[in-house]
Amino acid sequence: DCQLLEGRRFAFLNSDLIIFNVTVHDQGNYTCETTYTYNGKQYNISRDVRLTVEVSPPKRPPEISYPINNSIEVELGSQVTVDCNTTGADGYEPFHKGLWFDISICCLLDREETSYDGRPMHSVKLVISEVNSEDYERPFVCQASNAFGQVASYIILKHRVPDTQRWLTGGLLSFLILTFITLIIYKVFKIDLVLWYRNSPCAFASKEDGKIYDAYVLYTKSSGGRSLYRLETFVRRILPDVLEQQCGYNLFILGRDDLVGEAVITVADDTVKESRRLMIILGSEASSSCLLDDASEQQLAMYNALIRDGIQVILIEIDEVQDYTRMPESIKYIKQKHGAIQWKGDFSEKSCSPNTRFWKYVRYQMPSRKKVSYSEGYYLPLMLNSSAAKKS
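Below, the structure is given as C-alpha cells:
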C-alpha cells in the first residue's frame, strides 16, 4: 500500500519476498517493480499482489472495555446514552436492567469491526430517552459470551450531585472580577460619583461642626506684573464666582472679608478655627518662592491648619510651578502628601463652569455642603462681619 518495506521481518530471496511473523497488519497490496530492455530501449514494469491474512482468533472468553462496573451522574428526565463495547463476543447482547423492561429504553448496534488479533468488536448503545426515578441505583448490565465463556459488566445511574466546589470557585472568581471592575470604575469616576452622591437626595446630611467658613484662602501678595494680575483675578473674581455663587460655598479671603483696622494675626487665628479647609493658591515660580516667608498671618494660618487643628489643605497652582526647592517646608510637605491642582484655564465663561475637570477636583476636596441660595452663600461673610462690627 505504497509503504516502503523496512525491518528484519522482511527479506528478499531471488525474486521472492519473505515476511516473518505475519500479522493482520501485513495484509494489503504489494507492488513489485523491475526493468527490462527491448530493442535497445529500457522499460519499467510493475505488478500488484494482494495479500490476505487469515487470523485465527485466540481461544479465550470475550472482553468488555466499557462499562467497567462504574456509575455516572445524570439528571432526572434527561436523555442518556451509554456504550457497551465488547471484543471477542459471538454477536451482541443488549443491556439488561435486572428483569425490568421499559419502553423508554432501547439498544442500537452502533458499529462492528475486527480487532488486530481477528476477534470481532461490537459497540452497542443503550439509549434512555427519559430518565425516571426507578432508573437510579439499579445496574444496567452489559453481557458478552462466546464458546469459551461469558462476561458481564454494569453501570449504575446516580443523581447528579451539585458541584459545590465548582460553584464556589465560579462565584469567587465572578466576585473578584466584579470587584476588580468596580474598583476600576470607581478609580476612573470616583470624583464624579462623590459629587453626584453629595447632590443626591439620599446623601447623608452634614453634621454641624460649628464652623462658619468652608475654606480659608491663602495666596501670595508680593508678586508683580502679569503673574499678580492672573493671581488676583483668579482669587478675587473666578474663585468666588464658581465656589460661592454657583456652588454655595462660603469662603474667607483675606483682604476681602476682614474689617479695616483689624489685627491681621487675630483675624487669621480666629478665621482658621472657623474654617473647614485651608486653600493655598500659588502663583508663578518667582512669586511663589516668597510665599509665607515674611507674612506672619500666613505663617499662623499654616501652623493652625497643619499642627493644631488638623485642617485638610487644598493646594492650587496658577501657572505651573516648576521648582519647589525655594518653597517653605510646609508647602513641600503638602505638595508631597496631597499633590496640587493646576489651573490651566483662562478667564472665559467656559473655564468658570463648575463642571470642568479643574473645578470638579476642587469641589471634590471641599467639604460636602447643602444647597444654598446665592444670597445666603454670597452674603454670609458680610453679615458676619457686620455682626462683628456691631459687637466691637
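Numbering (the UniProt record's numbering), first residue to last: 1 to 392.
Heads up, the beta-carbon is just placed ideally off N, CA and C, and yes, glycines get one too.
The structure presented is a predicted model; accordingly, all values stated were derived computationally and were not measured.
Extent of the continuous alpha helix (DSSP H) to which residue i belongs
i    : result
D20  : Looking at the sequence itself, residue 20 is Phe, so the reference to Asp does not match. Premise fails: F20 is in no alpha helix (DSSP H) and is neither H nor E.
E329 : E329 to H338
R363 : R357 to Q365
Residue(s) in a DSSP beta bridge with residue i
i    : result
N29  : R50
N146 : G149
N44  : T35
V217 : I253 and M279
Residue i, enclosing beta strand (DSSP E) - first and last residue
i           : result
P72         : For clarity, residue 72 is Ile in the given sequence; the question names Pro instead. Note, I72: beta strand (DSSP E), N70 to V74.
T179        : Not the beta strand (DSSP E): T179 falls in the alpha helix (DSSP H), residues T164 to N199.
Q312        : Q312 to I318
K125        : P120 to I128
Q342        : I341 to W343
residue 393 : Residue numbering for the chain in the displayed model covers 1 to 392; residue 393 lies beyond these limits and cannot be assessed.
F347        : Premise fails: F347 is in no beta strand (DSSP E) and is neither H nor E.
S65         : E63 to Y66
R277        : R277 to L282
Whether residue i touches residue j by CB criterion (8 Å)
i           : j    : result
residue 431 : F347 : This structure cannot speak to residue 431, because the chain is shown only from 1 to 392.
K158        : Y136 : yes
V235        : Y219 : yes
L278        : Y213 : no
N44         : T31  : no
I318        : R198 : no
I316        : I341 : yes
E63         : T86  : yes
V74         : V131 : yes
P67         : N146 : no
K332        : E274 : no
I156        : S46  : no
I311        : V272 : yes
Q79         : S129 : yes
P162        : R119 : no
I253        : Y361 : no
I19         : F10  : yes
H25         : Y154 : no
C352        : D241 : yes
DSSP-derived helix/strand/coil call for residue i
i           : result
residue 398 : As displayed, the chain neither begins before 1 nor continues past 392, which places residue 398 out of reach and without an answer.
L251        : strand
C84         : strand
Q3          : coil
T37         : strand
A11         : strand
E137        : coil
R111        : strand
V235        : helix
Y229        : helix
K158        : strand
K59         : coil
D258        : coil
A268        : helix
D323        : coil
Q246        : helix
P240        : helix
Nearest to residue i (by Cα), restricted to the options the options
i    : options                   : result
C247 : K337, N29, Y364 and T114  : Y364
E54  : I64, L76 and G28          : G28
A89  : E130, G40 and V151        : V151
K59  : K273, F10 and F148        : F148
Y249 : E349, S78, N21 and R369   : R369
S15  : K337, S56, E33 and G345   : E33
G282 : E244, D270, R326 and F252 : Inspection of the sequence shows that residue 282 is occupied by Leu rather than by Gly. Considering only alpha carbons, the answer is R326.
D48  : S174, L17, Q143 and N39   : L17
K344 : S330, N21, V82 and V321   : V321
Any non-hydrogen atom of the ligand GDP within 7 Å of residue i CB
i    : result
S133 : The ligand GDP is not part of the structure shown, which contains no ligands of any sort.
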